[in-house]
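This report concerns only the one structure given below.
Number of protein chains: 2
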Amino acid sequence: MRTVDPVKHAAKRRRILEAAAACFAEKGFHGTRTADICARAGMSPGNVFHYFPSKHAIIAALIEQDGAETADHLAALTTAKDPLAALFGLVNDVVNLAADPAYAGLALDTAAEAQRDEHIAALLARNDRALRAGIAGLLRRAAADGGIDATLDPDATATWIAAQIDGLFARVATDPEFAPLEQAPMLRLLLTRFLGARPAR
Amino acid sequence: MRTVDPVKHAAKRRRILEAAAACFAEKGFHGTRTADICARAGMSPGNVFHYFPSKHAIIAALIEQDGAETADHLAALTTAKDPLAALFGLVNDVVNLAADPAYAGLALDTAAEAQRDEHIAALLARNDRALRAGIAGLLRRAAADGGIDATLDPDATATWIAAQIDGLFARVATDPEFAPLEQAPMLRLLLTRFLGARPAR
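These protein sequence lines are chains P and E, in that order.
When we follow UniProt numbering, the leftmost residue of the first sequence carries the number 1, and every step to the right adds one.
When we follow UniProt numbering, the leftmost residue of the second sequence carries the number 1, and every step to the right adds one.
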């Protein structure tokens, strides 16, 4: 009987996803053919097909991977001593992602794809809910220890922090002169004032 | 000699654009065929083709029309007595557009299209520059008459107000429970705090 080695299986899956992400970053979803991904991964089409039956399945897996990484990140922050500093750290990590052309391109392509693909939209919405819940958790703790204005509704506030993050990526897409790293202080000022946050320690 | 009646020409052009916008709202850019637009406008393909040689040309014309309407709107605000109230009025108008499924769908489809079409991206970037310049003008006047924190850089601040607007549309796309009209007070609070604005009169 043929058995599947789960470690090898996961490694091959990861190899395909890395190859796909690199192709998508260069050529976008629509400019990338499955054959490009196979060539980049150094695998035969039959072998890649065994892991992912379509380009759609690869895109979906990349979104799930992104969601899993964000979930790990948020889980690690739930025990952070200073929830406000943890929130600003999270926003800073997102700014760094927006400044990475490969990641930003993938995020924008994914958002565009969601406009025409309900499954992709549902996966993105799930990641988004998890991100907002994580941010709301940090806001609750920050309000409880006096770090931010406690009269703000944490869920509604988390929604608008998510909107800032969306806006950050949209700026990258729309304005060729928008440089996320240079803009980070302005975003921090905006959030500090919105949250009625105590000055950074 | 055959002459062109400019009034009739403009009216026909408008009729095609209205028909196209209605089709796009229902089926998206990619789900709409040129034949759908002709049928909706009650015109023959040859007649429509005389005005717009392609679906791309129709999309481009809709973006130019949107830009012209925004420019008119911004021009009217340059003489507003209370620039801060004018800015909040403008944001309110945008919230109403985001709450209109037809407009929001068109805006999101357009943003997605810009990811793969440089001409569409350039038209959107031009509209965006004009919007930011208009907002920065209102901010300069509001700062001069003591309505907002005068230490904020008007251009950088306008960029982040544009990011809010992008974020608003992105929320509509991502979160099925996000209702722009219900969210308007939170956006207003966010902007009031960010701008260090005096309380509304």
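All C-beta atoms, glycine included, are put in the ideal place defined by N, C-alpha and C.
Model, not experiment: these values are computed from the prediction.
Report yes if the CB atom of residue i is closer than 8 Å to the CB atom of residue j, and no otherwise.
i, j, result
"Ala142/P", "Leu84/P", "yes"
"Ala184/P", "Leu106/P", "no"
"Leu139/P", "Ala158/P", "yes"
"Leu97/P", "Ala86/P", "no"
"Arg193/P", "Phe194/E", "yes"
"Thr110/P", "Leu124/P", "yes"
"Gln115/P", "Ala173/E", "yes"
"Glu18/P", "Ile59/P", "no"
"Asp166/P", "Asp128/E", "no"
"Val48/P", "Ile63/P", "no"
"Arg126/E", "Gly67/E", "yes"
"Gly134/E", "Leu189/E", "no"
"Ala39/P", "Ala102/P", "no"
Using a Cβ cut-off of 7 Å, pull out every chain P residue sitting near residue i, in sequence order please.
i, result
"Phe194/E", "Leu190, Arg193, Phe194"
"Arg198/E", "Here the premise fails: no neighbours, minimum Cβ distance about 14 Å."
"Ala136/E", "Within 7 Å Cβ-Cβ: nothing; Ala136/E doesn't reach chain P, min ~13 Å."
"Ala85/E", "The contacting residues do not exist; Ala85/E stays about 20 Å from chain P at best."
What residues of chain E sit near residue i, judged by a beta carbon separation below 8 Å?
i, result
"Phe178/P", "Thr159"
"Gly28/P", "Gln115, Arg116"
"Arg171/P", "Thr159, Ala162, Ala163, Asp166"
Counting only Cβ pairs nearer than 8 Å, list the residues of chain P close to residue i.
i, result
"Asp109/E", "Gln115"
Interface residues of chain E around residue i at Cβ under 7 Å?
i, result
"His119/P", "The premise fails here: His119/P is roughly 14 Å from chain E at the closest Cβ pair, so nothing lies under 7 Å."
"His56/P", "What His56/P touches in chain E: nothing, since even the nearest Cβ is about 15 Å away."
"Gly147/P", "None at all; the shortest Cβ gap to chain E is about 16 Å."
"Gly67/P", "Here the premise fails: no neighbours, minimum Cβ distance about 13 Å."
DSSP on residue i, reduced to helix/strand/coil?
i, result
"Thr110/E", "helix"
"Thr32/E", "coil"
"Gly196/P", "coil"
"Ala10/P", "helix"
"Ala25/E", "helix"
"Ala99/P", "coil"
"Asp93/P", "helix"
"residue 211/P", "Limits of chain P in this structure are 1 at one end and 201 at the other, which puts residue 211/P out of reach."
"Asp5/P", "coil"
Within the same chain, show all residues whose beta-carbon is closer than 6 Å to that of residue i, passing over the 5 residues directly before and after it, in chain order.
i, result
"Ala99/P", "Pro180, Leu181"
"Met43/P", "none"
"Ala136/P", "Pro154, Asp155, Ala158"
"Lys55/E", "Thr34"
"Pro45/E", "Cys38"
Whose C-beta lies closer than 8 Å to the C-beta of residue i among residues of the same chain, with five residues either side of it excluded?
i, result
"Gly196/P", "Ile148, Asp149, Leu152"
"Gly146/E", "Arg198"
"Leu168/E", "Val94, Val95, Ala98, Pro180, Gln183, Leu187"
"Ala121/P", "Ala114, Gln115"
"Asp117/E", "His56"
Can you list, in chain order, the residues of its chain with a C-beta nearer than 7 Å to that of residue i? Leave out the 5 residues immediately preceding and following it.
i, result
"Ala71/P", "Ala130"
"Arg15/E", "Ala41"
"Arg201/P", "The predicted model places Arg201/P with a pLDDT of 49, which falls under 50 and marks its position as unreliable, so this point remains unresolved."
"Leu108/E", "Phe169, Ala173"
For residue i, which residues in chain P fall below 9 Å Cβ to Cβ?
i, result
"Leu168/E", "Ala163, Asp166, Gly167"
"Asp175/E", "Ala125, Asp128, Arg129, Arg132, Thr159, Ala162"
"Gly156/E", "Strictly speaking, residue 156/E in this sequence is Ala, with Gly absent from that position. Result: Gln183, Met186."
Measuring from the CB of residue i, is there a heavy atom of the ligand HEM at a distance below 7 Å?
i, result
"Leu195/P", "With respect to the ligand HEM, the structure shown offers nothing to examine, as it has no ligands at all."
Give a yes or no on whether the minimum CB-CB distance between residue i and chain C is below 8 Å.
i, result
"His73/E", "Among the protein chains of the structure shown, namely P and E, there is no chain C."
Against residue i, what residues of chain E qualify as contacts under a CB-to-CB distance less than 9 Å, listed in chain order?
i, result
"Ala76/P", "The contacting residues do not exist; Ala76/P stays about 24 Å from chain E at best."
query: Considering only residues of the region 124 to 190 of chain E, which uninterrupted alpha helix (DSSP H) runs meet the minimum length of 4 residues and lie entirely inside it, listed in chain order?
result: Qualifying alpha helix (DSSP H) stretches, in chain order: 154 to 174.
query: Taking the runs of the alpha helix (DSSP H) that are 4 residues or longer, which of them lie wholly in the region 40 to 88 of chain P?
result: Complete alpha helix (DSSP H) runs here, min 4: 45 to 51, 55 to 77.
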